[in-house]
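**Student:** Before anything else, here's the structure in question.
Residue numbers (the working numbering): 5 to 388.
Below, the structure is given as structure tokens:
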């Protein structure tokens, strides 16, 4: 490979959220932050930008908008206009803005669970009715949306908070299911707020389908949230964007900043521009590495962690592990204390998911192997 994804970096004492939560003897494998260096072209561009010593308030330049528009077409065959982009410091502020602008107090906000905690909690920030819709586990290890329940839950309008590719189960929605979900939203006059931050990270030849690309009718009711932060590992630069193709809807949502959502980091905008315009070769190799990590992890969990089950993630770099058969009160706490591995607690993703943990495999293989070895030893000691 041209790029070295096996290189280890000491992230202690760098202010890293991932590496600051636990003591130094814990291997953190929780938050969605990869332990790889950002693409060299991005680092070089930031160094070049800093030769100009002013980093004041900034607005997105046309070359940034053009880079995103070109990337959306090249990756997803989705035609977007530069003016349809709204820049934000994060997708979380975007879906909260959309809820504030669009949903009425008597309407429901549907969240498919398990789900990313900020998505789960967002309706509560605005006093909205939240309906948590459980995925239906299939015999083949995939998850399906219960369409009839979705239809009933959106009666009277409201909104669906969609995560695709899905965090934490790694589901990549196929066209038929995505179309069925979108058609229900259209029929019920509900908005679609689609968090597509992991769009580039699909495996086994899958290609992400932006919800708004399904049809002009669906686009008129869809707010899409994207960022270079996950795929190119630049989340700390706090730059993302909304895509809203209907002009009236775009103005309505943008107005919901309400003095809380500020402008975007100039370095983040430059990193985003370069990632999308020049980071393709790096991303291609990253996906190959992540898919190999995924395959190794699935085999290791099934062969070395008795009592833990895993369904094969179709995208993201997150694995959703079912620890129900271990008969533990709190699997996350067990692996933290006994294995010194810091995982995400399943209860954060849904009230019925305490027996699950989420593991981040976006790291050098050596760290992934170390994490599994620690978990294997902890289970073996428990059974002796």
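We treat Cβ as the ideally placed atom computed from N, Cα and C, and that holds for glycine.
Between which two residues does the alpha helix (DSSP H) holding residue 154 run?
**Tutor:** Counting along the chain, the alpha helix (DSSP H) containing residue 154 begins and ends at 151-157.
**Student:** Which residues in the same chain as residue 173 place their Cβ atom closer than 8 Å to its Cβ, once the five residues preceding and following it in sequence are excluded?
**Tutor:** These residues qualify, in order along the chain: 118, 139, 147, 315, 317, 324.
**Student:** Alpha carbon to alpha carbon, what distance is there between residue 264 and residue 288?
**Tutor:** Between residue 288 and residue 264, the C-alpha separation is close to 36 Å.
**Student:** Could you check whether the Cβ of residue 276 sits closer than 6 Å to any heavy atom belonging to the ligand NAD?
**Tutor:** What this structure holds is no ligand at all, so the ligand NAD is not there to describe.
**Student:** Express the C-alpha separation of residue 385 and residue 284 in angstroms, rounding to a whole number.
**Tutor:** Using only the alpha carbons, I get a separation of about 45 Å.
**Student:** Just verifying my parser: in three-state terms, what is the DSSP assignment at residue 92?
**Tutor:** Residue state, collapsed to three classes: strand.
**Student:** At a cut of 8 Å, does the segment 341-357 reach the segment 233-247 through at least three beta carbon pairs?
**Tutor:** With a cut-off of 8 Å, the segment 233-247 and the segment 341-357 do not count as touching, because too few Cβ pairs lie within range.
**Student:** Which same chain residues, not among the five before or five after residue 23, have their C-beta less than 6 Å away from its C-beta?
**Tutor:** Excluding sequence neighbours, residue 23 sits near 15, 16, 32.
**Student:** For the segment 341-388, list the alpha helix (DSSP H) runs that are entirely contained and at least 4 residues long, ordered along the chain.
**Tutor:** Qualifying alpha helix (DSSP H) stretches, in chain order: 369-386.
**Student:** Could you tell me the distance, in whole angstroms, from the CA atom of residue 162 to the CA atom of residue 219?
**Tutor:** Roughly 20 Å separates the two Cα atoms.
**Student:** Alpha helix (DSSP H) containing residue 291: first to last residue?
**Tutor:** Here the alpha helix (DSSP H) through residue 291 covers 284-308.
**Student:** Beta-carbon separation of residue 142 and residue 207 under 7 Å?
**Tutor:** Against a cut-off of 7 Å, the Cβ pair of residue 207 and residue 142 comes out as no contact.
**Student:** Can you check whether the CB of residue 321 is closer than 7 Å to the CB of residue 272?
**Tutor:** Not closer than 7 Å, so no.
**Student:** In three-state DSSP terms, what is residue 72?
**Tutor:** Three-state result, residue 72: helix.
**Student:** To the nearest angstrom, report how far apart residue 76 and residue 216 are at their CA atoms.
**Tutor:** Computed Cα separation, rounded: 12 Å.
**Student:** Distance check for residue 191 and residue 225, CA to CA, integer angstroms please.
**Tutor:** Their Cα atoms are separated by approximately 11 Å.
**Student:** Which whole-angstrom value is the C-beta distance of residue 246 and residue 227, which I expect to be below 8 Å?
**Tutor:** The Cβ separation is near 6 Å, so the contact holds.
**Student:** Assuming the contact rule is C-beta atoms closer than 8 Å, residue 361 and residue 327 should be a hit. Round their C-beta distance to whole Å, please.
**Tutor:** 6 Å between Cβ atoms; contact.
**Student:** Starting from residue 226, trace the beta strand (DSSP E) both ways and give me its first and last residue.
**Tutor:** Start and end: 226-230.
**Student:** Pull up the distance between the alpha-carbon of residue 213 and that of residue 183, whole angstroms please.
**Tutor:** Rounded to the nearest angstrom, the two C-alpha atoms are 10 Å apart.
**Student:** My parser needs the beta strand (DSSP E) runs of 3 or more residues fully inside the segment 126-152; what are they?
**Tutor:** Taking only runs of at least 3 residues, the beta strand (DSSP E) segments lying wholly in the segment 126-152 are 133-138.
**Student:** Rounded to the nearest angstrom, what separates residue 93 and residue 108 at their Cα positions?
**Tutor:** About 25 Å.
**Student:** Check each candidate in 123, 84, 112, 78 and name the one with the smallest Cα separation from residue 98.
**Tutor:** Of 123, 84, 112, 78, the residue nearest in Cα terms is 123.
**Student:** Span of the alpha helix (DSSP H) holding residue 168?
**Tutor:** Element bounds for residue 168: n/a, residue is neither H nor E.
**Student:** Determine the closest residue to residue 194 out of 58, 78, 103, with distance taken between C-alpha atoms.
**Tutor:** The candidate whose alpha carbon is nearest that of residue 194 is 103.
**Student:** If you scan the segment 190-259 from start to end, which runs of the alpha helix (DSSP H) of 4 or more residues do you find wholly inside it?
**Tutor:** Here the runs fully enclosed are 220-223, 251-258.
**Student:** Shortest alpha-carbon distance to residue 137 belongs to which of 164, 128, 144?
**Tutor:** Considering only alpha carbons, the answer is 164.
**Student:** What whole-angstrom Cβ distance do residue 185 and residue 149 have, given they're in contact under 8 Å?
**Tutor:** Their Cβ separation, rounded to whole angstroms, is 6 Å, which keeps residue 185 and residue 149 in contact under 8 Å.
**Student:** Buried or exposed for residue 189, going by 16 or more other Cβ atoms inside 10 Å?
**Tutor:** Label assigned to residue 189: buried.
**Student:** I need the straight-line Cα distance from residue 60 to residue 54, nearest angstrom please.
**Tutor:** Computed Cα separation, rounded: 12 Å.
**Student:** Once you ignore the five residues that flank residue 30 on each side, which residues in its own chain have a CB closer than 8 Å to its CB?
**Tutor:** Around residue 30: 340, 344, 345, 346.
**Student:** Nearest CA to the CA of residue 34: which residue from 383, 372, 377, 152?
**Tutor:** Selected option, being the one with the closest Cα: 372.
**Student:** In whole angstroms, give me the CA-to-CA distance for residue 43 and residue 286.
**Tutor:** Going from the Cα of residue 43 to the Cα of residue 286 covers about 6 Å.
**Student:** Just curious, the beta strand (DSSP E) that residue 322 is in, first and last residue?
**Tutor:** Note, residue 322: beta strand (DSSP E), 322-326.
**Student:** So, helix, strand or coil for residue 112, using DSSP?
**Tutor:** The answer is strand: DSSP assigns residue 112 an E or B state.
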